[in-house]
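Read the structure below first, then the notes.
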Amino acid sequence: MGEPATKKAKTERTFLFSSESVNEGHPDKLCDQVSDAVLDCCLAGDPKSKVACETATKDNMVMVAGEITTQTAIDYEKVVRGVVKKIGFDTYVDDLSSVDSKGLSDTTCEVLVRINKQSPDIAGGVHVGKDDMDVGAGDQGIMFGYATDETEDCMPLTHSVATKLGKKLTDVRKDGSLWWLRPDGKTQVTIEYVQKADGSVEPQKFHTIIEFDCRPGAIAVTLALAKVKYQETRHTATSARGVHQGCKKYFEWENAKDVKKYASMDSAQVSAALKASNYLTKWVD
1 MGEPATKKAK
11 TERTFLFSSE
21 SVNEGHPDKL
31 CDQVSDAVLD
41 CCLAGDPKSK
51 VACETATKDN
61 MVMVAGEITT
71 QTAIDYEKVV
81 RGVVKKIGFD
91 TYVDDLSSVD
101 SKGLSDTTCE
111 VLVRINKQSP
121 DIAGGVHVGK
131 DDMDVGAGDQ
141 GIMFGYATDE
151 TEDCMPLTHS
161 VATKLGKKLT
171 DVRKDGSLWW
181 LRPDGKTQVT
191 IEYVQKADGS
201 VEPQKFHTII
211 EFDCRPGAIA
221 VTLALAKVKY
231 QETRHTATSA
241 RGVHQGCKKY
251 FEWENAKDVK
261 KYASMDSAQV
271 SAALKASNYL
281 TKWVD
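When we follow full-length UniProt numbering, the leftmost residue of the sequence shown carries the number 1, and every step to the right adds one.
Printed below as a string of structure tokens:
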């Protein structure tokens, strides 16, 4: 048997905790927004709509499928293209080396609609012939979460920072400040914590911050996909992270950058230094 809890040594420990956040152009987020938009349109005209809508996207194609019973006349293609346009997807070139393609275009994308009315079996088990206090659910799921006093928004600090960084990426992309950014992006924040003997946890420092913006053409240029990469690793080209040349990591973004020189600068000085370097242009053809 283990030691009684009262006899266990109470010591401090240090650990890392990470959270990630994806931007509105990430495929998962794009699909969520399309499904949400379909639901909003249904409920706007018919509050008693029964909506089960799923969305998938790949290679300049968006598909909506599911079972929907509503009195509202929905132009699904118009809804899909509207969401795609609002996010900022407006160009598609079927060429991985293209720096102009955003991977999806609101005007040229293929929109597939595979939607039927709600199944009679589900309707009978959920709402048909039932009063308002006896309705069921057409689907179910289990979620859990918690609130924390670590931040004002009651979310873990890592999650809060990652989300705000992602929002900033979206803002500067849409206002034209960083016009070369693309809608699909991801942020990841790792913070070092110390857990004290009394069980309380305090953040100590930011351990790692990663911001990744998907620019298909620029990434393809860096990877030089015209060359075969998978032979040395026995994996596909997209799994070639392990390839190194000498002591230098193969992919440029894996090489650590020394940013100590920016520590003593204010925001204006940092912006000026970045604009004077090739930092903002080296990824753009």
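Heads up, the beta-carbon is just placed ideally off N, CA and C, and yes, glycines get one too.
Next on the checklist: Buried or exposed for residue 162, going by 16 or more other Cβ atoms inside 10 Å?
Outcome noted: For the purposes of this step, residue 162 is taken as residue 162 along the sequence shown, with counting starting at 1. Its Cβ being crowded by 16 or more others within 10 Å, residue 162 is buried.
Checklist entry - Tell me the DSSP bridge mates of residue 65? => result Numbered from 1 along the sequence shown, position 65 holds the residue referred to as residue 65. In DSSP, residue 65 forms a bridge with 54 and 114.
Checklist entry - Pick from 18, 266, 99 and 51: whose alpha carbon is nearest that of residue 208? => result In the sequence shown, residue 208 corresponds to position 208, counting from 1. Taking only the C-alpha atoms, the option nearest residue 208 is 18.
Next on the checklist: Excluding the 5 residues flanking residue 111 on each side, which residues of the same chain have their C-beta closer than 6 Å to its C-beta?
Outcome noted: Position 111 of the sequence shown, counting from 1, holds the residue named residue 111. Within the same chain, residue 111 has close Cβ partners 62, 77 and 80.
Checklist entry - Whole-angstrom Cβ separation of residue 173 and residue 102, contact assumed at under 8 Å? => result Position 173 of the sequence shown, counted from the first residue, corresponds to residue 173. Position 102 of the sequence shown, counted from the first residue, corresponds to residue 102. The Cβ separation is near 11 Å, so there is no contact.
Checklist entry - Going by DSSP, which residues form a beta bridge with residue 156? => result Numbered from its first residue, the sequence shown carries residue 156 at position 156. The partner list for residue 156 (beta bridge, DSSP) is empty, contrary to what the question assumes.
Next on the checklist: Which residues does DSSP list as the beta-bridge partners of residue 90?
Outcome noted: As a working note, residue 90 is residue 90 in the sequence shown. BP columns for residue 90 point to 105.
Checklist entry - Is the CB-CB distance between residue 206 and residue 194 below 8 Å? => result Against the sequence shown, residue 206 aligns to sequence position 206. Against the sequence shown, residue 194 aligns to sequence position 194. No, the Cβ-Cβ distance between residue 206 and residue 194 is not below 8 Å.
Checklist entry - If you check the beta carbons only, do residue 46 and residue 70 fall under 8 Å apart? => result Looking up residue 46 in the sequence shown gives position 46. Looking up residue 70 in the sequence shown gives position 70. In contact: residue 46 and residue 70 (Cβ atoms closer than 8 Å).
Checklist entry - Below 8 Å between beta carbons: does that hold for residue 142 and residue 65? => result Counting from one through the sequence shown, the residue named residue 142 turns up at place 142. Counting from one through the sequence shown, the residue named residue 65 turns up at place 65. The answer is no: Cβ separation not under 8 Å.
Checklist entry - Can you name, in chain order, every residue of its own chain whose Cβ lies under 6 Å from the Cβ of residue 117, other than the five neighbours on each side? => result By one-based count along the sequence shown, residue 117 stands at place 117. Cβ within range, chain order: 69.
Next on the checklist: Suppose contacts are defined by Cβ-Cβ distances below 8 Å. Is residue 25 in contact with residue 185 by that definition?
Outcome noted: Along the sequence shown, one-based indexing puts residue 25 at 25. Along the sequence shown, one-based indexing puts residue 185 at 185. Yes, the pair counts as a contact, with Cβ atoms nearer than the cut-off.
Item to check | residue 37, buried or exposed, once every other Cβ within 10 Å from all chains shown has been counted against 16 | outcome: As a working mapping, residue 37 is identified with position 37 in the sequence shown. By the 10 Å Cβ count, residue 37 comes out buried.
Next on the checklist: So, with DSSP's three-state summary, where would you put residue 39?
Outcome noted: Position 39 of the sequence shown, counted from the start, is the residue given in the question as residue 39. Three-state DSSP puts residue 39 in a helix.
Checklist entry - Any idea if residue 274 is buried or exposed, counting beta-carbon neighbours within 10 angstroms, 16 or more meaning buried? => result By one-based count along the sequence shown, residue 274 stands at place 274. The residue in question, residue 274, is exposed, as its Cβ has fewer than 16 Cβ neighbours within 10 Å.
Item to check | chain D contact for residue 70 (CB, 8 Å cutoff) | outcome: Although the question refers to chain D, the structure presented lacks it and comprises just one protein chain.
Item to check | Same chain only: Cβ atoms within 6 Å of residue 34, ignoring 5 sequence neighbours per side | outcome: For the purposes of this step, residue 34 is taken as residue 34 along the sequence shown, with counting starting at 1. Excluding residues within five positions, the ones whose Cβ falls inside 6 Å are 55, 80 and 83.
Checklist entry - Among the residues of its own chain, which have a CB less than 6 Å from the CB of residue 272, if the five just before and after it don't count? => result Within the sequence shown, numbered from 1, the residue matching residue 272 stands at position 272. Same-chain partners within the cutoff: there are none.
Checklist entry - Exposed or buried, what is residue 106 when buried is set at 16 or more other beta-carbons lying within 10 Å of its beta-carbon? => result Translated into the one-based positions of the sequence shown, residue 106 becomes position 106. Counting Cβ neighbours within 10 Å, residue 106 comes out buried, since at least 16 surround it.
Next on the checklist: Bridge partners for residue 186 per DSSP, in chain order?
Outcome noted: Start at 1 with the first residue of the sequence shown, and residue 186 comes out as number 186. Bridge partners of residue 186: 22 and 212.
Checklist entry - From residue 59 to residue 86, what distance separates their C-alpha atoms? => result Residue numbering aside, residue 59 sits at position 59 when the sequence shown is read from its first letter. Residue numbering aside, residue 86 sits at position 86 when the sequence shown is read from its first letter. Residue 59 and residue 86: Cα-Cα distance of roughly 18 Å.
Checklist entry - What residues in its chain sit with their C-beta under 6 Å from that of residue 187, if we drop five residues either side in the sequence? => result Numbered from its first residue, the sequence shown carries residue 187 at position 187. Correct list, in chain order: 21, 162, 165, 166 and 211.
Item to check | Buried or exposed (CB count within 10 angstroms, at least 16 for buried), residue 15 | outcome: Translated into the one-based positions of the sequence shown, residue 15 becomes position 15. Counting Cβ neighbours within 10 Å, residue 15 comes out exposed, since fewer than 16 surround it.
Checklist entry - Under the DSSP definition of a beta bridge, which residues are partnered with residue 203? => result As a first step, residue 203 must be located in the sequence shown, where it is residue number 203. Looking at the DSSP assignment, residue 203 forms a beta bridge with 193.
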